[in-house]
Amino acid sequence: MKIGLLRFFAFLFLLPGLVGLVASAALSIHYFNTRSHQPEPRYSRTVPRELKGQTVYITAREDQQLDFLRYYGLRSFGIGLGLGLLYLGAMALKLDRRRDSGDVAD
Numbered sequence: 002m003k004i005g006l007l008r009f010f011a012f013l014f015l016l017p018g019l020v021g022l023v024a025s026a027a028l029s030i031h032y033f034n035t036r037s038h039q040p041e042p043r044y045s046r047t048v049p050r051e052l053k054g055q056t057v058y059i060t061a062r063e064d065q066q067l068d069f070l071r072y073y074g075l076r077s078f079g080i081g082l083g084l085g086l087l088y089l090g091a092m093a094l095k096l097d098r099r100r101d102s103g104d105v106a107d
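Here it is in structure tokens:
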């Protein structure tokens, strides 16, 4: 795999992963500040969620959204991080080969 392509895919996964994690954190803070700490069955807010050490009650759909953003953002970020480490390793090998051949001054 070419090094430039590896860098492209690392950023392709890293950036959406970071956006997903930041969005999940922002949404959690929003729910913590705006949702009740007691169940509200008439609004379907009966799913308990632990946020900042306190229980907040949200709807099942809101719970699914938070799970989606958190877990898929984390997976995407992890894949991007792994590809980024592969990219750094490939660049180190390329620089070592170049240094051994005498192309780069020490």
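Each residue of the sequence shown is one higher than the one before, starting from 2 at the first, in our numbering.
Using N, Cα and C, we set each Cβ at its ideal position, and we do this for glycine too.
Item	Value
Taking its Cβ as the centre, do 16 or more other Cβ atoms sit within 10 Å of SER77, making it buried, or is it exposed?	buried
Grouping DSSP H, G and I as helix and E and B as strand, with all else coil, what is ARG99?	helix
Between LEU96, PRO40, LEU67 and PRO42, which has its C-alpha nearest VAL23's C-alpha?	LEU67
Taking the Cβ atom as the reference point for each residue, do LEU52 and SER37 lie within a distance shorter than 7 Å?	no
Report yes if the CB atom of GLY74 is closer than 7 Å to the CB atom of GLY5, and no otherwise.	no
With a cut-off of 8 Å, do at least 3 Cβ pairs link the segment 77 to 87 to the segment 7 to 15?	yes
Who are the Cβ neighbours of ARG46 in its own chain at under 7 Å, not counting the five residues just before and after it?	ARG36, SER37, PRO40, TYR58, ILE59 and THR60
I need the boundaries of the alpha helix (DSSP H) containing ARG8, first residue and last residue.	4 to 35
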